[in-house]
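First up is the structure itself, then whatever we jot down about it.
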Amino acid sequence: MSRLSSTYICQSCGAQTRQFFGRCSNCGDWNSIVEQVTSASKNRLKNKNPNHPKGNATKRSESIESLKENSLSRLTSGYSEFDRVLGGGIVPGSLVLVGGDPGIGKSTLLLQSATAIALNESVLYVSAEESAQQVRLRWKRLTESKSRLQLLAETDLELILQELESLKPSVAIIDSIQALHDDNLSGAPGSVGQVRECSSALQRLAKQQNTALFIVGHVTKEGMIAGPKVLEHLVDVVLTFEGDRHANHRLLRAVKNRYGATHELGIFEMQGSGLTEVKNPSEIFLNKKPSAGVATIVACEGNRSLAVDLQALISATTFASPRRTATGVETNRLHQILAVLEKHMGLPLSRHDCYLAVAGGLEVEEPAADLGIAAAIVSSYRDLILPKRTVLIGELGLGGQLRAVGQMPQRLLEAERLGFQRAVFPEGSGLDKTKMAIKMELLEASNINDALILALGNI
Ligand code: TYD
Ligand code: MG
846 MSRLSSTYIC
856 QSCGAQTRQF
866 FGRCSNCGDW
876 NSIVEQVTSA
886 SKNRLKNKNP
896 NHPKGNATKR
906 SESIESLKEN
916 SLSRLTSGYS
926 EFDRVLGGGI
936 VPGSLVLVGG
946 DPGIGKSTLL
956 LQSATAIALN
966 ESVLYVSAEE
976 SAQQVRLRWK
986 RLTESKSRLQ
996 LLAETDLELI
1006 LQELESLKPS
1016 VAIIDSIQAL
1026 HDDNLSGAPG
1036 SVGQVRECSS
1046 ALQRLAKQQN
1056 TALFIVGHVT
1066 KEGMIAGPKV
1076 LEHLVDVVLT
1086 FEGDRHANHR
1096 LLRAVKNRYG
1106 ATHELGIFEM
1116 QGSGLTEVKN
1126 PSEIFLNKKP
1136 SAGVATIVAC
1146 EGNRSLAVDL
1156 QALISATTFA
1166 SPRRTATGVE
1176 TNRLHQILAV
1186 LEKHMGLPLS
1196 RHDCYLAVAG
1206 GLEVEEPAAD
1216 LGIAAAIVSS
1226 YRDLILPKRT
1236 VLIGELGLGG
1246 QLRAVGQMPQ
1256 RLLEAERLGF
1266 QRAVFPEGSG
1276 LDKTKMAIKM
1286 ELLEASNIND
1296 ALILALGNI
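Letter by letter, the sequence shown follows residues 846 to 1304 in our numbering.
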């Protein structure tokens, strides 16, 4: 009889130790270490693999050229926005993690897409959170198509693997990984050990039989995909589905993609009959009626970039010390920008109240928003409207100089994709304009004065 061995896994960072500690030596979290019995699962996984060579000396490698032709012809997800974010469609045998806040529409997106794919391919939808009847109700509401979608409402990993093995579908969807459990492991569903073991077992089988696997993952309060970081390393593509739950627009982005670029953005709209693609996104993001005090920036969060409207209101103060409020931007940053504008442009802002807000309740922390904030303030103070379809990107130094910011090509590509036609940004941003296929007018400035003259005309 084989001896069971224990490993201790940190639920916060996924670090493994042989011994129990009250505090994880890797991430420093207290009480996050949980015991896990490991040998049983390892044996099971080894026995499962029928292709294990066991002394069989046949050749197992293949020519890279033939591999490319045989297995990399992509499938369409039924939505061009989805395909584009994936890098041109679904790669057979790929593992895609779809993360997002609860209720944002992950299940809706994948169910609609699964139904569309199932018109031509075999698709298995595994619902671990909702019953088969609930999924069917939603499916009926979303679509009328006669698709051959197979549905399995199950949380037991072993049964899901059996079903995948017997059906051998082209595409399978697991909704969600945090609801699955492997009986050989001691942790509760959603714990680091369970999430990791379930995903690697699913990945092994999916790669073996060339099934493209979509895994839904929940997002923690901090905005990370719940579970160990190794999950993101394990998969080929990490997509995030986001948006304001009170608004209708949803953004699908690739944070990691082994088969395509990561700066692609897919835009959907949630309606009563499910998600529809937004073919002309610039109409949503551009102000239909431009007004004084509004400036557009392109913000980046990690690998993601997003065009955002900033709104400022400047009015003469009636208080002894003027009021400054900022929503979505750090108040200290606003104080600093107001001081720079006062000192280097001679605006008497210390006798004015200033209110600043970021559209859609978004938080913009990065300094690349400085130029946009300054432009919004000057635009409101002077009652001048910024020209339509112009973005402003750049960090503002204390001496009024503009500093280059990172990810400029990505920001400009995003702005162009959203329909913007002019961009004002710092000189020396290191852009190779000949290499970048950008049609936008690119206006470079070295200080705040020049930038605002370029953006607003004669101020
Ligand atoms: P869902 O796909 O269940 O979210 P997730 O799987 O990410 O948790 O989406 C749930 C929300 O979407 C719910 O609040 C209602 C809304 N919704 C619509 O507005 N229209 C629809 O047709 C559907 C199916 C959902
Ligand atoms: Mg769901």
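Here a beta-carbon is modelled for each residue, glycine too, at the ideal position from N, C-alpha and C.
Quick check: what's the CA-CA separation for residue i versus residue j?
i: Val-827; j: Val-1100; result: An answer regarding residue 827 cannot be provided, because it is not within the stretch 846 to 1304 covered by the chain.
i: Ala-1221; j: Thr-1121; result: 33 Å
i: Leu-1004; j: Val-1203; result: 48 Å
i: Glu-1010; j: Ala-1046; result: 12 Å
i: Arg-1098; j: Gly-1239; result: 23 Å
i: Ala-1213; j: Ile-1283; result: 20 Å
i: Ala-1017; j: Thr-852; result: 31 Å
i: Tyr-970; j: Glu-999; result: 10 Å
i: Gln-864; j: Val-879; result: 10 Å
i: Asn-1177; j: Ser-850; result: 53 Å
i: Val-1143; j: Leu-1237; result: 7 Å
i: His-1091; j: Leu-1110; result: 20 Å
i: Glu-1059; j: Leu-1002; result: It should be noted that the sequence gives Phe, not Glu, for residue 1059. About 15 Å.
i: Asp-1154; j: Glu-1211; result: 15 Å
i: Ile-1318; j: Leu-1247; result: Absent from the structure is residue 1318, since the part of the chain shown begins at 846 and ends at 1304.
i: Glu-1259; j: Ile-1112; result: 12 Å
i: Leu-1243; j: Phe-1270; result: 17 Å
i: Asn-1029; j: Glu-1042; result: 10 Å
i: Glu-1077; j: Val-1040; result: 11 Å
i: Thr-1141; j: Ile-1230; result: 12 Å
i: Glu-1261; j: Leu-1297; result: 21 Å
i: His-1026; j: Glu-1008; result: 15 Å
i: Val-1349; j: Leu-1216; result: For residue 1349 there is no data in the structure shown, the boundaries of the chain being 846 and 1304.
i: Ala-1033; j: Arg-905; result: 38 Å
Please state whether DSSP places residue i in a helix, a strand or coil.
i: Ile-935; result: strand
i: His-1189; result: helix
i: His-1091; result: coil
i: Gln-861; result: strand
i: Glu-1114; result: strand
i: Arg-905; result: coil
i: Val-1382; result: With the chain covering 846 to 1304 only, the question about residue 1382 has no answer from this structure.
i: Leu-1276; result: coil
i: Leu-1079; result: helix
i: Glu-910; result: helix
Leaving out the 5 sequence neighbours to the left and right, which residues in its chain are closer than 6 Å to residue i when beta-carbon positions are compared?
i: Ser-877; result: Cys-855, Gln-856, Ser-857 and Cys-869
i: Glu-1289; result: Glu-1272
i: Ala-1157; result: Gly-1138, Leu-1201, Ala-1221, Ile-1222 and Ser-1225
i: Lys-1233; result: Pro-1135
i: Leu-964; result: Ser-992
i: Asp-1198; result: Ser-1160, Thr-1162, Pro-1167 and Arg-1168
i: Asn-1093; result: Glu-1114 and Met-1115
Could you pull out every residue in the same chain whose Cβ sits closer than 8 Å to the Cβ of residue i, ignoring the five residues on either side in sequence?
i: Cys-872; result: Cys-855, Ser-857, Cys-858 and Ala-860
i: Ser-922; result: Asp-928, Leu-931, Gly-934, Ile-935, Ser-958, Ala-961 and Ile-962
i: Asn-1294; result: His-1189, Met-1190 and Gly-1245
i: Gln-1252; result: Cys-1145 and Ser-1150
i: Val-1080; result: Leu-940, Val-941, Leu-942, Ser-1044, Gln-1048, Ile-1060 and Lys-1101
i: Gly-867; result: Trp-875, Asn-876 and Ile-878
i: Lys-1013; result: Ser-967, Gln-1054 and Thr-1056
I'd like the span of the beta strand (DSSP E) that includes residue i, first residue to last.
i: Thr-1085; result: 1082-1087
i: Lys-985; result: Where Lys-985 is concerned, there is no enclosing beta strand (DSSP E), although the alpha helix (DSSP H) it sits in stretches over 977-987.
i: Leu-942; result: 940-945
i: Leu-1287; result: 1286-1290
i: Gly-1119; result: 1119-1122
i: Val-968; result: 968-972
i: Cys-855; result: 851-855
i: Ala-1268; result: 1267-1271
i: Leu-1237; result: 1235-1237
So, at 7 Å on beta carbons, what are the nonlocal neighbours of residue i in its own chain, with the 5 sequence-adjacent residues on each side left out?
i: Lys-951; result: Val-943, Gly-945, Val-1061 and Phe-1086
i: Leu-1276; result: Met-1253 and Pro-1254
Could you tell me the boundaries of the alpha helix (DSSP H) in which residue i lies?
i: Thr-960; result: 951-962
i: Glu-1261; result: 1253-1262
i: Ala-1300; result: 1293-1301
If we cut at 8 Å on Cβ distances, does residue i have a partner in chain B?
i: Ser-850; result: Chain labels in this structure do not include chain B; a single protein chain is all it has.
Is the closest heavy atom of ligand 3 to the C-beta of residue i under 7 Å?
i: Glu-974; result: This structure lacks ligand 3; its bound ligands are ligand 1 and ligand 2.
*Minimum length 3: unbroken beta strand (DSSP E) runs contained in the region 987-1072*: Taking only runs of at least 3 residues, the beta strand (DSSP E) segments lying wholly in the region 987-1072 are 994-998, 1016-1020 and 1057-1063.
*If you scan the region 1144-1232 from start to end, which runs of the beta strand (DSSP E) of 3 or more residues do you find wholly inside it?*
Here the runs fully enclosed are 1149-1161, 1169-1172 and 1197-1203.
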